[in-house]
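S.K.: Input: one structure, supplied below.
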Amino acid sequence: MNINYISRNVGIALVLNAAFMFLSVIVSLCYGMDEAFSPLFLSGVITLAAGSFPLLFVRTNGAVTLKEGFFTIVLTWLLVCVFGSLPYVLWGGDFSVIDAWFESVSGYTTTGCTALEDVEALPKSLLFWRSSTHYLGGLGVVVFMIIILPNARSTFGLRLSSMEMGSLSKQNYKFKVMETAKIIIVVYLGLTVIQTVCLAIAGMDFFDALNHSMSIAATGGFSTKNESAAAFSSPSVEIIMIVFMYLSGLHFGLIYLCFRTRSMKMFKDPVIKFYSLVLLGSVILTTFSLISTGTEKNLLTAIRHSAFMNVSAASTTGFANAETLHWPVAPLLIFFYLAFQGACSGSTTGGVKADRICVSFSSLKARLRRQLHINAVIRPRMGNRILNEEVISETNLYLVFFSSIIFVGSILLSATGMDLKTSVTTSLACTANTGLTFGSISSFGNYNDFPVFCKMVYTLEMFLGRLEIYPVLAFFVIKRWR
């Protein structure tokens, strides 16, 4: 095993995290050197030292195998989350070691669940650090490594990007590895900057605007307020958030091509059409349910809450503008499906991705047609592209794996005495990296009161969901290293 190469690349990821810690230190200085100045500065020094050591004293040599690629990606995420929890641990407050670990994993995996009862009690700089973990995790530590790594054009860089993005997300990236990474960076930063400006114009404080923009671009869900988006009580703010949650759920490569070619052809993509139509239908059904059951008396309010919550669930962002604790069952089932499905591959969202649902439906449609027309040659298609059997089998296998993780997680959580509704919805929320739950926690709740065992189950599900299962499974089944 090429320890030198692995340690250097893990070191690069840690140095990048240290840079954001020092950026949070600057935020602390801007707010009069708040309580988190020392914890963030010390965490930055420790993380920088740990990351710099292999970069300064370890030389690269030899090629990197696929097994070592898997090892690198999993080890990178684990260590980044460990060092990312340092500011929480050193600050103390309401953070225990387990809660700090939970908050760090939730941040980097862009899940957005929190173990804090009072988010607003945190210093500004620590709130910025929470959002930074979203921002780093959403873009993917691996993408940063591809940009900085001197040998990024090698097979190693390609393999790591493949493990990070998955096969479906690469379908519409017709670029080389470096070009792909740059495109992701440009779209990611562009969405963040434009959204920050829009939210600030809409009346949101600049600090809140920046933090929420970072969370939405990463489809994360960490807010600076206990009541999430509802705390602002602003329809204009919510409309802006809806638009950017929707855009952040689209394929970044297609967004880039849309701006480069000045064309709206991306909305002809079958996956985006499917994703958009499902969202529209969900909003209509949810609105009807809220009005018909008397949960909402005003139609415009029902549409506003419905649109926001559905887009938040589908993009796996997890923000909320309404308390769902007393909502009827129908909207909650819709949220459950949307969180399971997620948005488009090639974005920062979680879930199984709308692409896989489209592939599954297309293969089912072709199967039914073959049953009716036995002698006909019918190939499953998605748009103009013919789907081969390898893509279909991989998709169906992933759906089985994903569902199994939610099911097993629900059993483990239920074993602690948790009720069925909460165990299933929280298991889905963590595996799909959405953070939006509707059991006893509700849309404004937190995970503070759960036992340590439950929090460990949740963090494992977050990892599996963020890395799309296969790298983590492959890491544990590798028996021989040559």
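Residue numbers for the sequence shown follow the working numbering, so the first one is 4 and each next one is one higher. Beta carbons: idealized from backbone N, C-alpha and C, even for Gly.
1. At 4 residues or longer, and completely inside the region 78 to 127: list those alpha helix (DSSP H) runs for me, N to C.
2. CB-CB under 6 Å to F40, same chain, minus the five flanking residues each way: which ones, in chain order?
3. With 16 other CB atoms within 10 Å as the buried threshold, where does T428 fall?
4. Where are the alpha helix (DSSP H) runs, 4 residues long or more, that stay fully inside the region 176 to 249, in chain order?
5. On the criterion of 16 or more Cβ atoms from any shown chain inside 10 Å, does N5 qualify as buried, or is it exposed?
6. Are the Cβ atoms of V190 and I258 separated by less than 7 Å?
7. Looking at I306 and the ligand ADP, is the gap between the Cβ and the nearest heavy atom below 6 Å?
8. Would you report the Cα separation of R469 and G353, rounded to the nearest angstrom?
9. Checking the sheet assignment: what are the DSSP bridge partners for R388?
10. Any idea what DSSP makes of D358, helix, strand or coil?
11. Can you name the start and end residues of the alpha helix (DSSP H) that C347 belongs to?
12. Straight-line CA distance for T419 to G412?
13. Which same chain residues, not among the five before or five after R307, have their C-beta less than 8 Å away from its C-beta?
14. Can you say whether N378 is buried or exposed, counting buried as having 16 or more other CB atoms within 10 angstroms of its CB?
15. Give the straight-line distance between the Cα atoms of R263 and I186, rounded to the nearest whole angstrom.
16. In terms of residue numbering, what span does the alpha helix (DSSP H) encompassing L32 cover?
17. How long is the line joining the alpha carbons of Q198 and G349, rounded to whole angstroms?
18. Which of the three DSSP states, helix, strand or coil, is assigned to H495?
19. Which word fits D422, buried or exposed, when buried means at least 16 other C-beta atoms lie within 10 angstroms of its C-beta?
20. Report the three-state DSSP secondary structure of V48 (helix, strand or coil).
21. DSSP state of M465, grouped into three classes?
22. Below 8 Å on the Cβ atoms is my contact criterion, and I expect F338 with I245 to pass it. Report the Cβ-Cβ distance as a whole number of Å.
23. Starting from the C-beta of R384, find all residues in its chain whose C-beta is less than 7 Å away, skip the five residues before and the five after it, and write them out in chain order.
24. Output yes or no for whether 7 Å exceeds the beta carbon distance between T289 and P334.
25. Check this for me: beta carbons of S279 and N313, under 7 Å apart or not?
26. Using DSSP with H/G/I as helix, E/B as strand and the rest coil, what is E71?
27. Which ranges would you report for the alpha helix (DSSP H) in the region 388 to 428 if only whole runs of at least 4 residues count?
28. Could you name the residues of the same chain whose beta carbon sits closer than 8 Å to that of E123, not counting the 5 residues immediately before and after it, in chain order?
29. Helix, strand or coil: which one does DSSP assign to R162?
30. Mind reading off the beta-carbon distance from A342 to A432? Whole number of angstroms is fine, and I expect it under 8 Å.
31. T440: which of T351, V100, H329 and S236 sits nearest, CA to CA?
32. So, for S135: in the same chain, excluding its five sequence neighbours on each side, which residues have a beta-carbon less than 6 Å away from its beta-carbon?
33. Rounded to whole angstroms, what is the Cα-Cα separation between Y473 and E397?
34. Exposed or buried, which one is M267 when buried takes at least 16 other CB atoms within 10 Å?
M.R.: In short, the structure shows the following:
1. Unbroken alpha helix (DSSP H) runs of no fewer than 4 residues, entirely contained in the region 78 to 127, are found at 89 to 94 and 100 to 111, following chain order.
2. Correct list, in chain order: S31.
3. Buried, since its Cβ has 16 or more Cβ neighbours within 10 Å.
4. Within the region 176 to 249, the complete alpha helix (DSSP H) runs of at least 4 residues are 180 to 204 and 209 to 220.
5. Result: buried.
6. A contact, by the Cβ cut-off of 7 Å.
7. This structure simply doesn't include the ligand ADP, nor any ligand for that matter.
8. Approximately 7 Å between the Cα atoms of the pair.
9. DSSP lists M385 as partners of R388.
10. Helix at D358.
11. For C347, there is no enclosing alpha helix (DSSP H), as DSSP marks it with neither H nor E.
12. In a straight line, the C-alpha of T419 is about 11 Å away from that of G412.
13. Taken in chain order, the residues that qualify are P238, E241 and N324.
14. So N378 counts as exposed.
15. Computed Cα separation, rounded: 11 Å.
16. Per DSSP, the continuous alpha helix (DSSP H) segment holding L32 begins and ends at I6 to C33.
17. Cα to Cα, the separation comes out at about 20 Å.
18. What is shown of the chain runs 4 to 485, which leaves residue 495 out entirely.
19. Its Cβ having fewer than 16 others within 10 Å, D422 is exposed.
20. In the structure shown, the three-state DSSP call for V48 is helix.
21. M465 carries a helical assignment under DSSP once its states are collapsed to helix, strand and coil.
22. Actually they are not in contact, since the Cβ atoms of F338 and I245 sit about 15 Å apart, beyond 8 Å.
23. The answer, listed in chain order, is S365 and L390.
24. Cβ atoms of T289 and P334: closer than 7 Å.
25. Their beta carbons are not under 7 Å apart, which means S279 does not touch N313 by this criterion.
26. Assignment of E71 by DSSP, reduced to helix, strand and coil, places it in the helix class.
27. Within the region 388 to 428, the complete alpha helix (DSSP H) runs of at least 4 residues are 392 to 417.
28. Only residues of its own chain outside the window of five on either side were considered, and among them T227, K228 and N229 have a CB closer than 8 Å to the CB of E123, listed in chain order.
29. Reliability of the predicted coordinates at R162 is poor, the pLDDT of 41 falling under 50, and no value is obtained from them.
30. Indeed, because the Cβ distance is near 7 Å, the residues count as touching under 8 Å.
31. Here the closest residue by C-alpha is H329.
32. In the same chain as S135, and ignoring 5 residues on each side of it, the C-beta atoms closer than 6 Å to its own belong to F23, in chain order.
33. Their Cα atoms are separated by approximately 11 Å.
34. Exposed is the call here.
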